[in-house]
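Asker: I am attaching a structure below and will ask some questions about it afterwards.
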Amino acid sequence: MSLLVVDKLCKRYGALKVTDDLALSVEPGELHAIIGPNGAGKSTLIAQLSGEARCDSGSIRFDGEEISGLPMHRRVARGLSRSFQITSILPGFTVLENVATAVQAREGSSFSFLGRVADESALNDQAVTALGRVGLTDRAGTIAGSLSHGEKRQLELAIALATKPRLLLLDEPLAGTSGGEAERLVEVMRSLKGEVTTVLIEHDMDAVFRLADRVSVLVYGRIIATGSPDVVRADPQVRAAYLGEEA
Amino acid sequence: MRGRALAATLIFAAFAAVPPLAYWANDPYLIVIASRIVAFAIAALALDLILGYGGMVSFGHAAFVGIGAYSVAILGQAGITDLMLQLLAAIVAASAFALVTGAISLRTRGVYFIMITLAFAQMAYFFFVSLSAYGGDDGMTLSSRSTLFGSDMLRDDGIFFYVSLGLLGALFLIATRIVGSRFGRVLRGSRENALRMNAIGFSPFRYQLVAYVISGAMASVAGVVLANQTKFVSPAFMNWHVSGELIVMVVLGGVGNLIGAVFGAVVALVLQEFLGAFTDHWQLWFGLILVGVTLASRDGVGGLVRRLTGGKR
Ligand SMILES: Nc1ncnc2c1ncn2[C@@H]1O[C@H](COP(=O)(O)OP(=O)(O)OP(=O)(O)O)[C@@H](O)[C@H]1O
Ligand SMILES: [Mg+2]
Numbered sequence: 035m036s037l038l039v040v041d042k043l044c045k046r047y048g049a050l051k052v053t054d055d056l057a058l059s060v061e062p063g064e065l066h067a068i069i070g071p072n073g074a075g076k077s078t079l080i081a082q083l084s085g086e087a088r089c090d091s092g093s094i095r096f097d098g099e100e101i102s103g104l105p106m107h108r109r110v111a112r113g114l115s116r117s118f119q120i121t122s123i124l125p126g127f128t129v130l131e132n133v134a135t136a137v138q139a140r141e142g143s144s145f146s147f148l149g150r151v152a153d154e155s156a157l158n159d160q161a162v163t164a165l166g167r168v169g170l171t172d173r174a175g176t177i178a179g180s181l182s183h184g185e186k187r188q189l190e191l192a193i194a195l196a197t198k199p200r201l202l203l204l205d206e207p208l209a210g211t212s213g214g215e216a217e218r219l220v221e222v223m224r225s226l227k228g229e230v231t232t233v234l235i236e237h238d239m240d241a242v243f244r245l246a247d248r249v250s251v252l253v254y255g256r257i258i259a260t261g262s263p264d265v266v267r268a269d270p271q272v273r274a275a276y277l278g279e280e281a
Numbered sequence: 289m290r291g292r293a294l295a296a297t298l299i300f301a302a303f304a305a306v307p308p309l310a311y312w313a314n315d316p317y318l319i320v321i322a323s324r325i326v327a328f329a330i331a332a333l334a335l336d337l338i339l340g341y342g343g344m345v346s347f348g349h350a351a352f353v354g355i356g357a358y359s360v361a362i363l364g365q366a367g368i369t370d371l372m373l374q375l376l377a378a379i380v381a382a383s384a385f386a387l388v389t390g391a392i393s394l395r396t397r398g399v400y401f402i403m404i405t406l407a408f409a410q411m412a413y414f415f416f417v418s419l420s421a422y423g424g425d426d427g428m429t430l431s432s433r434s435t436l437f438g439s440d441m442l443r444d445d446g447i448f449f450y451v452s453l454g455l456l457g458a459l460f461l462i463a464t465r466i467v468g469s470r471f472g473r474v475l476r477g478s479r480e481n482a483l484r485m486n487a488i489g490f491s492p493f494r495y496q497l498v499a500y501v502i503s504g505a506m507a508s509v510a511g512v513v514l515a516n517q518t519k520f521v522s523p524a525f526m527n528w529h530v531s532g533e534l535i536v537m538v539v540l541g542g543v544g545n546l547i548g549a550v551f552g553a554v555v556a557l558v559l560q561e562f563l564g565a566f567t568d569h570w571q572l573w574f575g576l577i578l579v580g581v582t583l584a585s586r587d588g589v590g591g592l593v594r595r596l597t598g599g600k601r
């Protein structure tokens with residue numbers, strides 16, 4: 035059974051149909067890349083899947099259950115976690131506390147008023163593990179706002195991982211990173227393959243065709259093709275609509 | 289962090305030294321002033337918990353002070369003079385008021401939050417103005433201070449001062465624990481970036497509301513102390529001026545650092561006394577000092593403006 039099934043999803047901003055009768059399914063374990071030109075509606079799709087934005091109509095089934103009516107924090111509790119195209123971290127917290135806060139969200143109650151949370155090794159140990167996965171362990175004590183852009187992208191990924199997602203939604207994790215930084219993030223994503231089902235939105239075609247099991251092409255709010263990287267690359271419609279300028 | 293612990297120790301030690309000092313200087317008025325400062329320090333501490341750590345700029349915290357004060361007056365008139373019972377009543381009433389008004393206010397952000405908390409406080413103000421049985425607009429004088437464990441020991445200004453200081457100390461310790469707890473982390477995180485907190489699985493609203501209730505309950509304790517200190521209650525306790533003064537105290541001490549709020553109350557009230565003795569235009573000088581301090585301090589005016597403009601980062 036597919037882990038995520040999106041059907042007849044629609045969303046308008048005024049007269050603009052940003053999501054137009056969109057259908058998509060994501061299989062357990064796969065890395066499913068979504069590519070498409072600027073303004074195609076990729077981030078808006080992520081926003082609807084994560085619960086940040088409401089869909090106008092249509093259905094989003096996660097693990098067999100309809101989730102389109104759930105608020106964002108409930109979807110996270112079900113195992114749906116995301117990163118943001120524009121970095122979104124807790125800038126005044128340390129790197130470790132950013133990740134430990136994400137661990138805390140699913141570990142026990144946060145209506146606990148007197149214990150010192152900074153000393154909770156149960157939270158910190160898992161946070162350190164997540165930082166290790168993205169290669170940020172040695173920055174644990176740094177204030178997150180003072181990290182370099184590339185490090186913030188690594189942190190964003192570590193935060194998402196710390197929620198132990200069953201489906202990871204990554205919105206252009208490589209945006210704005212330099213060659214070396216991008217390479218490192220691609221390596222992290224590769225290491226997650228098979229372990230965490232991932233929807234990856236990315237403009238970097240090189241990374242997409244290296245990582246993806248399947249690729250969907252989103253143009254004007256619709257998926258115009260889905261298939262293995264090779265099939266999608268060869269699809270004449272895709273070449274015309276999107277890859278055309280590159281081919 | 290060590291610096292703050294040291295500052296807290298010094299400030300509380302200085303407070304504790306006031307009665308002997310007053311005795312030595314033969315100036316009992318010092319104890320009266322110090323008790324008043326303690327009352328406002330409690331309220332400022334309560335406000336800093338949500339303003340400094342939760343980014344919620346309440347412009348209505350005087351309402352909670354007033355609710356605490358009227359708890360003393362109303363129970364006292366009904367023959368219930370025990371301080372503990374009065375504190376309990378104040379906390380219950382203030383929590384209920386905070387729960388209802390907070391649940392509505394927290395649906396807004398930034399300037400709207402400021403205005404709506406002000407509006408609720410004004411409603412409380414006019415509610416108590418209309419209570420003619422308790423003096424209406426003029427307020428009412430209390431026949432005596434509250435009793436403690438059946439004794440009228442609080443009549444003694446020194447004992448009353450130390451009991452008040454004990455309340456401030458206890459609330460300071462509780463607030464310090466809260467901001468360092470799991471709950472405090474969610475509160476701080478929601479001020480930093482509410483969307484991020486939402487995206488890792490928190491619904492900030494619930495945590496902010498609970499913080500608002502805790503803060504309101506704490507501020508009501510200030511009212512209990514203040515009513516006893518002056519042996520008088522009136523709607524003027526919840527005037528918007530008072531809410532504004534509380535914000536000034538928090539900003540003066542530096543938002544988001546609990547002992548700073550206590551210190552801010554000390555500075556504001558001492559300056560008020562000191563400048564007031566020299567000139568009728570003390571507010572002008574106080575304003576200038578406030579501008580100077582906030583411009584100079586790292587998280588002074590800048591931090592407030594960021595919150596006023598609804599910036600959640
Ligand atoms: N909140 C909003 N209000 C109005 N229009 C919006 C809103 N969010 C997005 N849009 C519009 O919807 C369209 C799709 O935006 P979206 O951010 O989903 O594109 P995208 O595929 O992620 O693009 P990019 O590759 O540049 O990130 C754009 O035309 C955008 O201007
Ligand atoms: Mg986008």
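The listed protein sequences derive, respectively, from chains A and B. Okay, so the first sequence: first residue is 35 according to this note's numbering, each after it adds one. Okay, so the second sequence: first residue is 289 according to this note's numbering, each after it adds one. No residue lacks a Cβ here, since even glycine has one placed at the ideal position from N, Cα and C.
#1: Apart from the five residues just before and just after residue 457 of chain B, which ones in its own chain have a Cβ nearer than 7 angstroms to its Cβ?
#2: With 7 angstroms as the threshold, decide whether the Cβ of residue 395 of chain B is near any Cβ in chain A.
#3: Let me make sure I understand the geometry here. Which of B/321, B/348, B/368 and B/376 has the alpha-carbon closest to that of residue 393 of chain B?
#4: Alpha carbon to alpha carbon, what distance is there between residue 415 of chain B and residue 85 of chain A?
#5: Alpha carbon to alpha carbon, what distance is there between residue 418 of chain B and residue 540 of chain B?
#6: Under the rule that 16 or more other beta-carbon atoms within 10 Å means buried, what is residue 186 of chain A, buried or exposed?
#7: Give the secondary structure of residue 588 of chain B by DSSP, where H, G and I count as helix, E and B as strand, and everything else as coil.
#8: Using a threshold of 6 angstroms, is the CB atom of residue 85 of chain A nearer than that to any non-hydrogen atom of ligand 1?
#9: Over the uninterrupted beta strand (DSSP E) stretch that includes residue 231 of chain A, give me the two end residues.
#10: At which residues does the beta strand (DSSP E) containing residue 51 of chain A begin and terminate?
#11: Anything in the region 478-489 of chain B with a Cβ closer than 8 angstroms to a Cβ of chain A? List those residues in chain order, please.
#12: Please report the straight-line C-alpha distance between residue 497 of chain B and residue 395 of chain B, rounded to a whole angstrom.
#13: Report all residues from its chain with a CB closer than 7 angstroms to the CB of residue 401 of chain B; omit the five preceding and five following residues, and keep chain order.
#14: In terms of alpha-carbon separation, which member of A/192, A/241, A/199 and A/248 lies closest to residue 216 of chain A?
#15: Is residue 515 of chain B near residue 382 of chain B, with beta carbons less than 7 angstroms apart?
#16: Quick check: is any heavy atom of ligand 1 less than 6 angstroms from the C-beta of residue 464 of chain B?
#17: Quick check: is the beta carbon of residue 469 of chain B nearer than 7 angstroms to any beta carbon in chain A?
#18: Would you grab the beta carbon distance between residue 101 of chain A and residue 88 of chain A for me? Rounded to a whole angstrom, and I think it's under 8 angstroms.
#19: Would the beta-carbon of residue 478 of chain B fall within 7 angstroms of that of residue 379 of chain B?
#20: Quick check on residue 450 of chain B: does DSSP put it in helix, strand or coil?
#21: What is the DSSP secondary structure of residue 100 of chain A, reduced to helix, strand or coil?
#22: Does at least one heavy atom of ligand 2 sit under 6 angstroms from the Cβ of residue 76 of chain A?
#23: Are there three or more Cβ pairs, one per stretch, closer than 8 angstroms when the region 483-493 of chain B is compared with the region 323-336 of chain B?
#24: Return yes when the C-beta of residue 52 of chain A is under 6 angstroms from any heavy atom of ligand 1, and no when it is not.
#25: Flag residue 474 of chain B as yes if its beta-carbon sits less than 7 angstroms from any beta-carbon of chain A, otherwise no.
#26: Counting only Cβ pairs nearer than 7 angstroms, list the residues of chain B close to residue 107 of chain A.
#27: With burial defined as no fewer than 16 other Cβ atoms inside 10 Å of the residue's Cβ, what is the status of residue 471 of chain B: buried or exposed?
#28: In the DSSP assignment, the beta strand (DSSP E) including residue 249 of chain A goes from what residue to what residue?
#29: Nearest by alpha-carbon distance to residue 265 of chain A: which of A/275, A/254 and A/243 is it?
#30: Under a three-way DSSP split, which group does residue 600 of chain B fall into?
#31: For residue 492 of chain B, which residues from the same chain have a beta carbon less than 6 angstroms from its beta carbon, with the 5 sequence-adjacent residues on both sides left out?
#32: Span of the alpha helix (DSSP H) holding residue 233 of chain B?
#33: Using the beta-carbon of each residue, which ones in chain A are nearer than 9 angstroms to residue 465 of chain B?
#34: Would you list the one or two residues that DSSP bridges to residue 435 of chain B?
#35: Expressed to the nearest angstrom, what Euclidean distance is found between the alpha-carbon atoms of residue 426 of chain B and residue 523 of chain B?
#36: What runs of the alpha helix (DSSP H), each 4 residues or longer, lie entirely inside the region 61-143 of chain A?
Answerer: This is what the structure holds:
#1: The count along the second sequence starts at 1 and reaches residue 457 of chain B at position 169. Closer than 7 angstroms at the Cβ level, and outside the excluded window around residue 457 of chain B, lie 300.
#2: In the second sequence, the residue the question calls residue 395 of chain B occupies position 107. Output row for residue 395 of chain B: interface = no.
#3: For this step, residue 393 of chain B is matched to residue 105 along the second sequence. Nearest option by C-alpha distance: B/348.
#4: Taking the first residue of the first sequence as 1, we reach residue 85 of chain A at position 51. Taking the first residue of the second sequence as 1, we reach residue 415 of chain B at position 127. Their Cα atoms are separated by approximately 42 angstroms.
#5: Here residue 540 of chain B refers to the residue found at position 252 of the second sequence. Here residue 418 of chain B refers to the residue found at position 130 of the second sequence. Rounded to the nearest whole angstrom, the CA to CA distance from residue 540 of chain B to residue 418 of chain B is 34 angstroms.
#6: Numbered from 1 along the first sequence, position 152 holds the residue referred to as residue 186 of chain A. Result: buried.
#7: Indexing the second sequence from 1 puts residue 588 of chain B at position 300. Here the model assigns residue 588 of chain B a pLDDT of 48, short of 50, so the residue's position is not dependable, and the following value carries that caveat. The answer is coil: DSSP assigns residue 588 of chain B none of H, G, I, E or B.
#8: The residue labelled residue 85 of chain A in the question sits at position 51 within the first sequence. No - ligand 1 has no heavy atom lying nearer than 6 angstroms to the Cβ of residue 85 of chain A.
#9: Numbered from 1 along the first sequence, position 197 holds the residue referred to as residue 231 of chain A. Where residue 231 of chain A is concerned, the enclosing beta strand (DSSP E) stretches over 231-235.
#10: For this step, residue 51 of chain A is matched to residue 17 along the first sequence. Unbroken beta strand (DSSP E) run through residue 51 of chain A: 50-60.
#11: 480, 481, 483, 484, 485, 486, 487, 488 and 489
#12: Walking along the second sequence from the start, residue 497 of chain B turns up at place 209. Walking along the second sequence from the start, residue 395 of chain B turns up at place 107. When rounded, the distance between both Cα atoms is 10 angstroms.
#13: By 1-based counting over the second sequence, the position of residue 401 of chain B is 113. Correct list, in chain order: 344, 345 and 393.
#14: Counted from its first residue, the first sequence places residue 216 of chain A at position 182. Ranking the options by Cα distance to residue 216 of chain A, first place goes to A/241.
#15: For the purposes of this step, residue 515 of chain B is taken as the residue at position 227 of the second sequence. For the purposes of this step, residue 382 of chain B is taken as the residue at position 94 of the second sequence. Cβ distance not < 7 angstroms, so residue 515 of chain B and residue 382 of chain B don't count as in contact.
#16: As a first step, residue 464 of chain B must be located in the second sequence, where it is residue number 176. Not one heavy atom of ligand 1 is found less than 6 angstroms from the C-beta of residue 464 of chain B.
#17: For the purposes of this step, residue 469 of chain B is taken as residue 181 along the second sequence, with counting starting at 1. Judged by the 7 angstroms Cβ criterion, residue 469 of chain B is in contact with chain A.
#18: The residue given as residue 101 of chain A occupies position 67 in the first sequence. The residue given as residue 88 of chain A occupies position 54 in the first sequence. So it is not a contact: roughly 12 angstroms between Cβ atoms.
#19: If you number the second sequence from 1, residue 478 of chain B lands on position 190. If you number the second sequence from 1, residue 379 of chain B lands on position 91. No, the Cβ-Cβ distance between residue 478 of chain B and residue 379 of chain B is not below 7 angstroms.
#20: In the second sequence, counting from the first residue as 1, residue 450 of chain B sits at position 162. In this structure, residue 450 of chain B counts as helix in the three-state DSSP scheme.
#21: Sequence index remark: in the first sequence, residue 100 of chain A carries index 66 (1-based). In this structure, residue 100 of chain A counts as strand in the three-state DSSP scheme.
#22: For the purposes of this step, residue 76 of chain A is taken as residue 42 along the first sequence, with counting starting at 1. Residue 76 of chain A has its CB nearer than 6 angstroms to a heavy atom of ligand 2.
#23: They do not touch, by the three-pair rule.
#24: Position 18 of the first sequence, counting from 1, holds the residue named residue 52 of chain A. Answer for residue 52 of chain A: yes, Cβ within range of ligand 1.
#25: As a position in the second sequence, residue 474 of chain B is number 186, starting the count at 1. Interface with chain A (7 angstroms Cβ-Cβ cutoff): residue 474 of chain B is included.
#26: Walking along the first sequence from the start, residue 107 of chain A turns up at place 73. Chain B residues near residue 107 of chain A: 486, 489, 490 and 491.
#27: Taking the first residue of the second sequence as position 1, residue 471 of chain B is located at position 183. Under this definition residue 471 of chain B is a buried residue.
#28: Taking the first sequence and counting its residues from 1, the one referred to as residue 249 of chain A is at position 215. Note, residue 249 of chain A: beta strand (DSSP E), 248-253.
#29: For the purposes of this step, residue 265 of chain A is taken as residue 231 along the first sequence, with counting starting at 1. For residue 265 of chain A, the nearest C-alpha among the options comes from A/243.
#30: Numbered from its first residue, the second sequence carries residue 600 of chain B at position 312. Its pLDDT being 40, under 50, residue 600 of chain B is placed unreliably in this model, and the coordinates cannot settle the point.
#31: Your numbering for residue 492 of chain B matches position 204 in the second sequence. Only 478, 482 and 485 meet the Cβ criterion.
#32: With chain B covering 289 to 601 only, the question about residue 233 of chain B has no answer from this structure.
#33: Working through the second sequence from its first residue, we reach residue 465 of chain B at position 177. Per Cβ cutoff of 9 angstroms: 147, 148, 149 and 150.
#34: Within the second sequence, the letter at position 147 stands for residue 435 of chain B. Paired residues: B/370.
#35: Position 138 of the second sequence holds residue 426 of chain B. Position 235 of the second sequence holds residue 523 of chain B. Roughly 8 angstroms separates the two Cα atoms.
#36: 76-84, 106-112 and 129-140
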